[in-house]
Amino acid sequence: MDQITLISSAEEQLKLFGNFLAEHDKTLNDILQQNILTDQQKPLCPLCIEPLVKIDYQANREQLSLLRLLESDRLLNKVLLTFAYLCQEVKNVTKDAKKMQIKFLYLDEELLLTVENDRADGEDMRSFDKLNNERLLLKMSESMEFLCQMQFLLQRCILLGNNLLHQSGALLANEKSMNSIELKLTHICDYLSELFYNIVIFDEILYRSNFSRFWSAYKKTVEAIGHSGSKWRNCSPSELSGLQNCLQELDILFTGCLYQHFLESSFNLKERIGPVGLGQLTQQFNDYLRQQLQQLDKFNNSIMNEFNEANMLVRLNAFCVVFHDFCGQVDSKSVKHLLELNSKHTGIMLIANIPWSSSDFLRKNAFSLVKPHLKVMNDLRKEQQLFLNVHTTSLSRDCRSYCSQITLWVLKMNKILNVAPFDLKVEQFKELTMLLNQGIDIGGQLSFLIKGVVNCHEGLQIPMTKSSLLTICKFIELLKMIQLCLRNHTANIAKIINSLLQYFQYKLLHLLSNCKKKLISSKLAERGVDALAALKICERCLHGPPSKVRILVAKLAFDASCNVKNRSVTQEQQERFRSLMQRIEKMAEFQLHVQRIGDASFLYWHQSILQAYLKQVVDKKLDFQSFQYLISSADECVKTLKILGLADLNLFSSLKKFNFENVRFEIISKLCAQIEIFLRLEVHSSLQLEKMNPFEQGIDDYKKLINIYPLAINGNYILLKDHVENYLSAMFYNLTTISLHDWKTYEEMRHLANKRLILKPVEDYLPNQTLEQGIDILEIMRKIHVFVSKYVYNMNSQIFVEQQSNNKHLDTIGIKHMANSLRTHGTGVINTTVNFTYQFLRQKFYTFSQFLYDEQIKSRLMKELRSFSERKQTDKYPLYPYERADNFNKDIRKLGLTQNGQTYMDLFRNVITQVGNAMGYIRLVRSGSIHANYSASLYLPKFTDDLNFVQNCQNHNLSDATQTAAENLETNILNLAKCFADNTDYFKLLIDAFQPFFRNPNNLHLKTFYLIVPALTMNYVEHMLAMKAKITKKEREEVILFDDGFPVGLAYVLKLLNQIGDFNTLQWFATIRERFEMESRKIKEMLLEINNNSKQSVKSNTNALVAQKSENEKLQQTLVLTERRINAHQMEYNLLYYNLCSAKIFFQ
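Residues 1 to 1148 (the UniProt record's numbering) are what the sequence shown spells out, left to right.
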């Protein structure tokens, strides 16, 4: 290919690349424009925004394998490769162990939540140890797979620890041979102690768990199932036997002896290593122990760093126990030194809410080691008490100190990171490194102090004072501030951190270069060549990115070069290497440290802190910007459960509900109430005797609270401003509808909220009242139980009339009144009215069911059922006897009377009448709605016509405002047409709502209701005649002319029970008709006979006949009155029959 072709091809590629960059730049600008926040948009809380850049050199994406990194022709290569693989496995196991430990703690809490829920449900909790709770059994069974995984991981830890000890001892046992490799075990001991630390955590959390509490009972339950001999569908006998064997293997987990089990497992290694190897191990372990103790001595502060010193102390105790058990020759000075550090530093937490007691641990696992020092060792309670005595009194002082330190640290970070990344000098690099380390260290100290104080209070069951609570919450805020500062500067740190790492790597390479020069200048023996090869391997690792593998190999290679007899690497150089490597690791794990600093998932075990703090936010007007940090911390527990894959637990939903309810009750509700009180006091300020103190009761503080960032809870955002606006809108609307004459007051409050708090509640747009308003629909709805008992219903004219009143007039409610009321409130109130009526009917039907369930009533109805069944067998068209209905009423009267002289049948009739009145009220509301819609549409065009207002406005080029008005007019007309055409059958809805209950086969006592209807109608007729008879009397307090609620209610109940046909078979009204016709015939015959007798007495005028005539006249008067009474009864029964037939139409 010639030169011209190459040039043209290169130009084409450059052009394409330029187009790609231009298009990419345009895409980025579009995304940026979309994300620019306008004035109306609410910015999110900075804690809710994840940084776009993550710094993770520890992601273990190393491209070179260990074989490539350790490429060498020396025997050293095999040794380093062996230990590198083992140490890398320790790291992997540690990562899995941390995830598994926290997951187990949450599963354990799920088990406890199940127990507490059962106790709240009122189940028998007297014998938890017997584990007779089915849900608890299921929960433990569901966790069995996870427990097996945990056991496998522990076995893996034990095997890995034994392998490392064995390899180390075997290497040191051959040290004196010519081809042996010298290796200092400093970093290998670090990995060993980390492995021991994980075993300790497993031992503690398993022994303290609820699983351990119920484990023996669970085993007994499984054994009982196995010995029961019955066959199980989902489990064969062999599988059940396998489960029992698995449970026996899992026993070791909950004995609290896991660490002792590890110590016992390493006992056989001593023979394999031999005395020479054990002696070398003892020497190196003692050197490592002294070195770590000296490093801890450099830390003089009483508040430890949770991420460094606290973990180091626990690991050192665990290492010392293994050292004592495996080698048996621990330096007594080191032991005494370690115990002094243990007594000095208490309140250490292993994980979550699991405390650490060095004294208990050493007594349990290395009693012979600490036996001479038992007097100076305390138990866990004394350690916690000592920790509280030291730190509780100085909490406020420490809080002020940390506030000033962190404020100064944030200012320095902002100053140095605002400089262009590539303009920094070496001094500024050093300062930035110091600041990053300082921030991480302060975060670790605060985390240690928070967890220590809170868990010591919980462990000792000592209530926390209010000042201590606020201080702890302030510490959590400071932690979040550190995390927020590091997050905000992540982009700049990402640009600089590579330079920092290169700077430290350069220092290490310089150190290694000096060591190489010194080693080369000396006479190289065989081992010197190995040391030189180890230094070259270390250099090779440091020439690349600081990944986990490279750092691990560099450490081991440097250890291989340190233990040479000529001492080419001095102790000072070793410490220098270790210090620089720790800085590199800390910078490489920067992202992990940022997460650790802000990790507040431990608050799950101390949820009362958040609840107690939020109670004071609004009441005490605390810092309204800082409480968001607490809410963000509580929300991290939810995120942790999601990450662990535990979102399907009851624990997850319970925690989400708890967090949201806390914010809703303690922040939103209180804030809304305070703002409402303020607005009311401001509007009625002229009525206040004492003026409001603006410094104590000012509204500006709440204005700040309303306008804070949206709160992130459970993956959602809560805007306090929206909640307050919705609350005020609902309040103004509801209270205005209840008392329309106060509309001006609430309008002033709405205007004041807009001016003072920049709130925009929704306008209610309620019309004014009319003169013919009547009783308001909302007032009836709220007091429907009073309304249906005080008013009587006329089904034909659809009107309610008050029964009695202290005034000289009676209130009436008709269709016009209801239409006016609906015009005021809108048709939307109809659904609410139906809902209120439904709630009322539920109460009445409960009373209805209880009456029929009574033994006195049920037995009589069964007697009537048997009697009528016998009559049906003998008579083809049986009629229900009038006498039986009359006797039924008499029997009910014998059961007793109320204070008002009413029988139980009267009370039952009242219940059915009130049900009918409620249904009549629904019918009246529906008719009023139709009337209101008709009145509103009277002057509008026909709904069938096409509405072309908008089109005509556009054709005539009218203004935008006119077109918008025309569009609104069309929308309103269409809505009105929709309301007018609304054919919702509310009766059908109420029938469908109650049919499942009434037609439930279990409610057998309702099946005989139709047999009580004849007695009910007889009672109703007597009642109506008695009420109408009072018209001619002086006492007219309870005079009624109609009460159609009874037939409507009776038809409704018969429809619900599907007993209309059964009632028709009684032919009750035919019985009534025959009865009265028969009595009328008798009276007519008697009157005819009297008239005939009177005609015969006219012909003769004796004294006897005169007396007989007088008696005939009296009898005739009596018969006329009887005939009038019979006609009145017959008319009332006919009216009831007609109304009942009409009411049945409603429910067809």
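The beta-carbon is built from N, C-alpha and C at its ideal position, and this holds for glycine as well.
Every value quoted in this text rests on a predicted model; they were computed, and no experiment measured them.
Buried or exposed: which applies to residue i, given that a residue is buried once 16 or more other Cβ atoms fall within 10 Å of its Cβ?
| i | result |
| --- | --- |
| Val-786 | exposed |
| Tyr-604 | buried |
| Asp-124 | Reliability fails at Asp-124, whose pLDDT of 47 lies under 50, so the model's placement of it is uncertain and the value that follows must be treated cautiously. That one is exposed. |
| Val-1120 | exposed |
| Val-594 | buried |
| Leu-1140 | buried |
| His-457 | buried |
| Pro-372 | exposed |
| Val-1013 | buried |
| Tyr-1133 | buried |
| Phe-577 | buried |
| Met-581 | buried |
| Ser-633 | buried |
| Phe-590 | buried |
CA-CA distance, residue i and residue j?
| i | j | result |
| --- | --- | --- |
| Leu-1136 | Pro-1047 | 7 Å |
| Glu-682 | Ser-467 | 34 Å |
| Gln-294 | Leu-316 | 12 Å |
| Ser-447 | Ser-601 | 12 Å |
| Ile-351 | Met-100 | 12 Å |
| Val-564 | Leu-147 | Below a pLDDT of 50, predicted positions are generally treated as unreliable, and Val-564, at 48, falls in that range; no measurement from the model is reported. |
| Asp-251 | Asn-414 | 55 Å |
| Cys-953 | Gln-963 | 6 Å |
| Lys-375 | Leu-339 | 11 Å |
| Phe-624 | Thr-745 | 30 Å |
| Tyr-461 | Asn-210 | Checking the displayed sequence, the identity of residue 461 turns out to be Gln instead of Tyr. Rounded to whole angstroms, Gln-461 to Asn-210 spans 19 Å at the Cα level. |
| Leu-852 | Ile-708 | 60 Å |
| Ser-849 | Ile-677 | 46 Å |
| Leu-154 | Ser-241 | 24 Å |
| Asn-418 | Asn-305 | 29 Å |
| Ser-141 | Arg-135 | 10 Å |
| Lys-703 | Ser-608 | 27 Å |
| Lys-42 | Ala-494 | For Lys-42, the predicted model reports a pLDDT of 48, less than 50, meaning its position is unreliable and no value from the coordinates is stated. |
Taking 9 Å as the cut-off, decide whether the C-beta atoms of residue i and residue j are in contact.
| i | j | result |
| --- | --- | --- |
| Met-150 | Leu-253 | yes |
| Gln-914 | Gly-1049 | yes |
| Met-587 | Ile-497 | yes |
| Leu-679 | Ala-753 | yes |
| residue 1168 | Thr-847 | Residue 1168 is absent from the model: the chain starts at 1 and stops at 1148. |
| Met-862 | Thr-1008 | yes |
| Leu-511 | Gln-571 | no |
| Gly-328 | Ala-173 | no |
| Ala-318 | Ile-199 | yes |
| Val-553 | Cys-562 | no |
| Ile-597 | Gln-483 | yes |
| Val-330 | Tyr-259 | no |
| Val-618 | Glu-666 | yes |
Which residues does DSSP pair with residue i in a beta bridge?
| i | result |
| --- | --- |
| Met-349 | Pro-355 |
| Val-925 | DSSP lists no partner for Val-925. |
| Tyr-793 | Phe-800 |
| Asn-716 | Ile-713 |
| Arg-812 | The sequence given here places Thr at residue 812; Arg does not occur at that position. DSSP, once it has assigned bridges, lists Val-801 as partnering Thr-812. |
Answer with yes or no whether the minimum CB distance from residue i to chain D is below 9 Å.
| i | result |
| --- | --- |
| Ile-482 | Absent from the structure is chain D; it holds one protein chain and no more. |
Checklist entry - If we count Cβ pairs, one from each stretch, closer than 8 Å, do we get three or more for the stretch 823-836 versus the stretch 947-960? => result The way I'd put it, the stretch 823-836 doesn't touch the stretch 947-960; fewer than three beta-carbon pairs between them come closer than 8 Å.
Checklist entry - Should the stretch 1066-1082 be called in touch with the stretch 954-969, which here means at least 3 C-beta pairs below 8 Å? => result no
Item to check | Stretch pair the stretch 1021-1029 + the stretch 870-877: three plus CB contacts closer than 8 Å | outcome: Segments in contact, no.
Next on the checklist: Quick check: the stretch 1005-1025 against the stretch 883-893, are at least 3 beta-carbon pairs closer than 8 Å?
Outcome noted: yes
Checklist entry - Do the stretch 105-116 and the stretch 644-659 touch if we need at least three Cβ pairs shorter than 8 Å? => result Taking a contact to require three or more Cβ pairs closer than 8 Å, the stretch 105-116 and the stretch 644-659 qualify as touching.
Item to check | Contact between the stretch 468-476 and the stretch 397-406 (3+ Cβ pairs under 8 Å) | outcome: yes
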